[in-house]
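Colleague: Have a look at this one before I ask anything.
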Amino acid sequence: MNRIKNALKAIMVIAVLCMPIAALAGCWNNRDLTDINIVTALGIDKTEDGRILLAVQIAEPAAVQAAASGKGKGGSTQAKPVIVVTHEGETVFDALRGMLAKVDKKLFLSTSQVLILGERLAEEGLFEAIDFLQRDHEVNYKMAVLVAKGAAPKEILEIETDMDPISAVYIKDTAENTVSRAKAKRTILIDLIKEMSDKGKQPVIGQITKVDEKMVNTEGAAVFKDGKLKGWLDPNETRGYLFATGKVQSTIVNIPAEDGNNGKISMEVVRSDGKAGVKFKSGEPSLLTIKVTLEANIGEYSGIEGMLSPEKLHALEHALEQEIKGEIGSVFKLAQQEFSSDIFGFGTQVHKYHLQYWKKVKDNWDDVFSRLPVDIEVDAKIRRTGIIKDPIRKGG
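Counted the way mature numbering (1 follows the signal peptide of the UniProt record, and there is no 0) counts, the sequence shown spans residues -25 to -1, 1 to 371.
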């Protein structure tokens, strides 16, 4: 029963959306779900010759219900739960209008769960595509946004996963699970629109790769500067970025145990806060600061006697601090030296507290950012050990 509910939730969204529309807008009075195409995902990329390539995933309600209940198995002629339609155009608007020649009903964009941006589009710049989306009143501003790495958006939308008849729902849920482990950044369309207009902080968007014909991976992130893709963050670099910007919900950090047997201590971070700051001297920025405070529990450990002693706990706190500080330092070095992109929001702090200076440097703030030293401070507290005895030892 739960699987059926999950599979049909995108279609339930459209039903909810249509009720107020039908009541308030005369042009919708005689429409029902059979008069529209339910769009569950959008993909935008560019072709080699610079044209927009739009991909739209459309759900077939009857086929989704049959697949979710297991009634659609065993027949090669069964309708697929979703189809993916593509069309090229000079602009996103042109491609969307041109696509109407390929579909039988109006495309209802408000139910889109995911927007996947292609790598070529990201490299050439997102402004045109995002500008269209922010002007279209039918777009779902809360849909998840991901950047495809190594595969076209169309290829990702065409996967047929066993986990959900609607692959867009599977992609969105997978991305949310990855965010909950602090290995990806959650980005929704409305937030991206705001970030792209903020000169004090450059956007970071979650990444998606195609593992095979049935599975995707949503760990890692894409770094942008002035609307263009500058590079990628691996999962640990992404977590360092999230710690620095106060976006870690929960995560597991593994610390090497000092037992000589390659033991590991798993620390569960249960609360975290991160803040970026800029120190000024003689009217000029002199130092960037990142301060992170967190609380953690010990989830699992092996190989250390007397774990509950204050000395051991203090040593673990220090080890945890150093591990997280290293992750933050790694991503900061990338942002500053390789990408020259202030993804942490130091510029936002300058704009807020040093407005006159900001007015002078706002157009080349990333260059200023790239030359400044940084001080990273991490303060970790272990609240619970999870167990009351020393770890179990073989033969002990």
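Idealized CB from N, CA, C, for every residue including glycine.
The structure presented is a predicted model; accordingly, all values stated were derived computationally and were not measured.
How should Cys2 be labelled, buried or exposed, when 16 other C-beta atoms within 10 angstroms of its C-beta is the threshold for buried?
Modeller: Its pLDDT being 36, under 50, Cys2 is placed unreliably in this model, and the value from its coordinates should be taken loosely. Per the 10 Å Cβ criterion, exposed.
Colleague: Tell me the residue span of the beta strand (DSSP E) that contains Lys229.
Modeller: What sits at residue 229 in the sequence shown is Asn, not Lys. Run containing Asn229: Thr226 to Pro231, per the beta strand (DSSP E) assignment.
Colleague: Quick one: Cα of Leu108 to Cα of Ser225, how far?
Modeller: The straight-line gap from Cα to Cα measures roughly 32 Å.
Colleague: Do Gly175 and Gly301 have their C-beta atoms closer together than 9 Å?
Modeller: Taking 9 Å as the Cβ cut-off, Gly175 and Gly301 do not qualify as a contacting pair.
Colleague: Pairing CB atoms from the segment 211 to 218 with CB atoms from the segment 301 to 320, are three or more of them under 8 Å?
Modeller: The segment 211 to 218 is in contact with the segment 301 to 320.
Colleague: Could you give the uninterrupted runs of the beta strand (DSSP E) lying entirely in the segment 74 to 111, keeping only those of 3 residues or more?
Modeller: Whole beta strand (DSSP E) segments, 3+ residues: 81 to 83 and 89 to 92.
Colleague: Where in the segment 192 to 276 do unbroken runs of the beta strand (DSSP E), each at least 3 residues long, occur, reported from the N-terminal end onward?
Modeller: Taking only runs of at least 3 residues, the beta strand (DSSP E) segments lying wholly in the segment 192 to 276 are 196 to 200, 203 to 208, 226 to 231, 239 to 256 and 259 to 275.
Colleague: Quick check on DSSP: helix, strand or coil for Glu302?
Modeller: Three-state DSSP puts Glu302 in a helix.
Colleague: Return helix, strand or coil for Asp354, following the three-state DSSP convention.
Modeller: Strand at Asp354.
Colleague: Span of the alpha helix (DSSP H) holding Val336?
Modeller: Looking at the DSSP string, the run of the alpha helix (DSSP H) that includes Val336 is Leu330 to Val336.
Colleague: Output the boundary residues of the beta strand (DSSP E) element that contains Leu29.
Modeller: It spans Ile27 to Ala34 - the beta strand (DSSP E) in which Leu29 sits, taken as one unbroken run.
Colleague: Apply the 10 Å Cβ neighbour rule to Thr22 and answer buried if 16 or more other Cβ atoms are within range, or exposed otherwise.
Modeller: Looking at its Cβ environment, which holds fewer than 16 other Cβ atoms inside 10 Å, Thr22 is exposed.
Colleague: Indicate the three-state DSSP secondary structure (helix, strand or coil) for Asp20 in the structure shown.
Modeller: Strand, per DSSP.
Colleague: Over what stretch of residues does the beta strand (DSSP E) that includes Val120 continue unbroken?
Modeller: Residues Ala119 to Ala123.
Colleague: So, does the segment 235 to 255 touch the segment 120 to 139, judging by three or more C-beta pairs under 8 Å?
Modeller: Not touching, per the Cβ criterion.
Colleague: Between the segment 178 to 189 and the segment 288 to 298, do at least 3 Cβ pairs fall closer than 8 Å?
Modeller: Result no; under three Cβ-Cβ pairs closer than 8 Å.
Colleague: Provide the residue span of the beta strand (DSSP E) that contains Thr184, from first to last.
Modeller: Where Thr184 is concerned, the enclosing beta strand (DSSP E) stretches over Val179 to Lys185.
Colleague: Can you look up Arg346 in the DSSP assignment and give me helix, strand or coil?
Modeller: Note: Arg346 maps to coil in three-state DSSP.
Colleague: May I have the straight-line CA-CA distance separating Ile351 from Gly18, to the nearest angstrom?
Modeller: Near 38 Å, if we compare the C-alpha coordinates of Gly18 and Ile351.
Colleague: Cβ-heavy atom distance between Glu170 and the ligand PLP below 8 Å?
Modeller: Questions concerning the ligand PLP fall outside what the structure shown contains, since it holds no ligand whatsoever.
Colleague: Out of Gly221, Thr136 and Val114, state which residue places its alpha-carbon closest to the alpha-carbon of Val154.
Modeller: Comparing Cα-Cα distances from Val154 to each of Gly221, Thr136 and Val114, the minimum goes to Gly221.
Colleague: Helix, strand or coil for Val114? Go by DSSP, reduced to three states.
Modeller: In this structure, Val114 counts as coil in the three-state DSSP scheme.
Colleague: Please name the residue, chosen from Ala159, Ala104 and Glu135, that lies closest to Ile58 on a Cα-to-Cα basis.
Modeller: Checking every option, the nearest Cα to that of Ile58 belongs to Glu135.
Colleague: What three-state label does DSSP hand Gly64 in the structure shown?
Modeller: Residue state, collapsed to three classes: strand.
Colleague: Could you give the first and the last residue of the continuous alpha helix (DSSP H) run that contains Leu164?
Modeller: Segment Leu164 to Met171, the alpha helix (DSSP H) holding Leu164.
Colleague: Whose CA, out of Pro56, Val31, Ala30 and Lys185, lies closest to the CA of Ala37?
Modeller: If we check each option's Cα against that of Ala37, Pro56 comes out closest.
Colleague: Apart from the five residues just before and just after Arg95, which ones in its own chain have a Cβ nearer than 7 Å to its Cβ?
Modeller: Answer for Arg95: Asp20 and Lys21, listed in chain order.
Colleague: Hey, Lys250 and Ser261: beta-carbon distance below 9 Å or not?
Modeller: Taking 9 Å as the Cβ cut-off, Lys250 and Ser261 do not qualify as a contacting pair.
Colleague: Give the straight-line distance between the Cα atoms of Leu82 and Phe68, rounded to the nearest whole angstrom.
Modeller: Their Cα atoms are separated by approximately 13 Å.
Colleague: Would you decide whether residue 398 is buried or exposed? Buried here means 16 or more other CB atoms lie within 10 Å of its CB.
Modeller: Residue 398 cannot be examined here, being either before or after the span of the chain that is shown, -25 to 371.
Colleague: Looking at Ser247: is its Cβ nearer than 9 Å to the Cβ of Leu263?
Modeller: Their beta carbons are not under 9 Å apart, which means Ser247 does not touch Leu263 by this criterion.
Colleague: Determine the direct distance from the alpha carbon of Ala157 to that of Ala(-4), and round the result to whole angstroms.
Modeller: Residue placement at Ala(-4) cannot be trusted, given a pLDDT of 38 that sits under 50; what the coordinates show is reported in the next sentence. Answer to the nearest angstrom: the Cα atoms are 40 Å apart.
Colleague: Going by DSSP, name the residue or residues bridged to Arg359.
Modeller: DSSP lists Asn272 as partners of Arg359.
Colleague: Which value, in whole angstroms, describes the spacing of the CA atoms of Ala104 and Thr66?
Modeller: Approximately 8 Å between the Cα atoms of the pair.
Colleague: First and last residue of the alpha helix (DSSP H) that includes residue 377?
Modeller: Any question about residue 377 goes unanswered here, given that the chain covers just -25 to 371.
Colleague: On the criterion of 16 or more Cβ atoms from any shown chain inside 10 Å, does Phe307 qualify as buried, or is it exposed?
Modeller: Classification for Phe307: buried.
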